[in-house]
Amino acid sequence: MTDSELKKQMCENLQDDYLLNGSSDLSDFELLEKALSLAVAKNNSKEIADNLMNEFNNLKSVSVASPKRLMQIDGVNEQVATYLSLMRDILARIELRKNQSVDVLADVNSAIEYAKNMLLFQDVERVVLITLDEDFRVIKSDYISQGTANFANVMPVEVSKRLVAEKPCYVVVAHNHLVDNGEPSFSDINFTINLTNWLSQFGIKLLDHIIVCKSCSTSMAMEEEYKFIFD
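Residues in the sequence shown are numbered from 1 upward in steps of one, following this note's numbering.
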């Protein structure tokens, strides 16, 4: 049997097994291996899955890695990186659309979930601005910056125009950390203080700055050492 015939046979066996048994009994490694077997030209999906899991430790970390980062892993070429990134983008879109049914951010947990839906599967750092009316109903949410949260980059004229047009009473800001650490950085703290002062000129209160990372999320407003910023 040629390599091509062997590959075809393996894919057919995989499809039959998946359609019959599903994936609930598969480990993360086995699930990744089976998915990769449909994307790689060679019969080395197990080796690639092993390399990815050794490097990233879990499926979530694999899913949020950028194509450039993925291609640093032995065995991952452009085809594999593109396939995995497309899967991430599908997941990101599914998560984002969950927010379409959310009208009110009544508490910190709902705000965190809303922010996670927008940021968890991003492969670059992005900043989100969520505007709310006096009853905490969502007016609008959007990405306003890409890169590390920086006051000068995040507060362009366009954002000022948006606040004037939407006339929110409250704002929630959120951004993601690519490293798995939800602790606010010195830059994050300065950004939050500057943003609070800037919004006060418009009579708008900053309710929270939420930091989203792979395995946790941080509400700065709920952290004792940062509460003074939001009082």
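Just so you know, even glycine gets a beta-carbon here, dropped at the ideal spot from N, CA and C.
Alpha carbon to alpha carbon, how far is Asp-28 from Asp-17? Give it in angstroms, no decimals.
-> Computed Cα separation, rounded: 16 Å.
State whether the stretch 89 to 108 contacts the stretch 70 to 77, with contact taken as three or more CB pairs (one from each stretch) at a distance under 8 Å.
-> The stretch 89 to 108 vs the stretch 70 to 77: no contact.
Pairwise C-alpha distance: Leu-84 and Leu-26 | Computed Cα separation, rounded: 18 Å.
Give a yes or no on whether the C-beta atoms belonging to Ala-111 and Ala-49 are separated by under 9 Å.
-> No, Cβ-Cβ distance for Ala-111 and Ala-49 is not below 9 Å.
How big is the Cα-Cα spacing for Ile-211 and Pro-67?
-> Each residue's Cα considered, the two are about 23 Å apart.
Between the C-alpha atoms of Val-138 and Leu-132, what's the straight-line distance to the nearest angstrom?
-> Using only the alpha carbons, I get a separation of about 5 Å.
Rounded straight-line distance, which links the Cα of Ser-185 to that of Leu-36 = One C-alpha to the other measures close to 36 Å.
Counted within 10 angstroms of its Cβ, other Cβ atoms place Val-179 as buried (16 or more) or exposed | The residue in question, Val-179, is exposed, as its Cβ has fewer than 16 Cβ neighbours within 10 Å.
Figure out for me which residue from Asp-89, Asn-117, Ser-219 has the closest Cα to the Cα of Glu-95.
-> The alpha carbon of Glu-95 has as its nearest neighbour, out of Asp-89, Asn-117, Ser-219, the alpha carbon of Asn-117.
Report the option in Ile-144, Ala-39, Glu-158 whose CA atom is closest to the CA atom of Val-172.
-> Considering only alpha carbons, the answer is Ile-144.
Using the rule of at least 16 other Cβ atoms within 10 Å of the residue's Cβ for burial, across every protein chain shown, is Phe-202 buried or exposed?
-> So Phe-202 ends up on the exposed side.
Answer with buried or exposed for Gln-15, where buried requires no fewer than 16 other C-beta atoms within 10 angstroms of its C-beta.
-> Gln-15 should be labelled exposed.
Less than 9 Å separating the beta-carbons of Glu-159 and Leu-129?
-> Sequence inspection shows Val at residue 159; the Glu mentioned does not correspond to that position. Contact flag set, yes.
Helix, strand or coil at Lys-227 [DSSP, three-state] = Note: Lys-227 maps to helix in three-state DSSP.
Secondary structure at Ser-217, three-state DSSP: helix, strand or coil?
-> DSSP places Ser-217 in strand when its eight states are reduced to three.
Identify the continuous alpha helix (DSSP H) that holds Arg-69 and give its terminal residues.
-> Start and end: 67 to 70.
Nearest neighbour of Asp-227, chosen from Leu-31, Met-71, Glu-113, Thr-192 [CA to CA] = Correcting the residue type first, residue 227 is Lys in the shown sequence and not Asp. Comparing Cα positions, the closest option is Thr-192.
Beta-bridge pairing of Asn-176 - partner residues as DSSP gives them | Asn-176 pairs with Val-212.
Can you tell me which of the three DSSP states Val-138 falls into?
-> The answer is strand: DSSP assigns Val-138 an E or B state.
So, Val-64 versus Phe-136, is the Cβ gap smaller than 9 Å?
-> Not closer than 9 Å, so no.
Assigned exposure category for Arg-215 - 16 Cβ within 10 Å defines buried | Strictly speaking, residue 215 in this sequence is Ser, with Arg absent from that position. Exposed, since its Cβ has fewer than 16 Cβ neighbours within 10 Å.
Cutoff 6 Å; reference Thr-196; Cβ partners in own chain excluding five residues on either side = Short of 6 Å from the beta carbon of Thr-196, and not among the five residues preceding or following it, lie these beta carbons of its own chain, in chain order: Leu-206, Ile-229.
Give the secondary structure of Gln-201 by DSSP, where H, G and I count as helix, E and B as strand, and everything else as coil.
-> If DSSP states are grouped into helix, strand and coil, Gln-201 belongs with coil.
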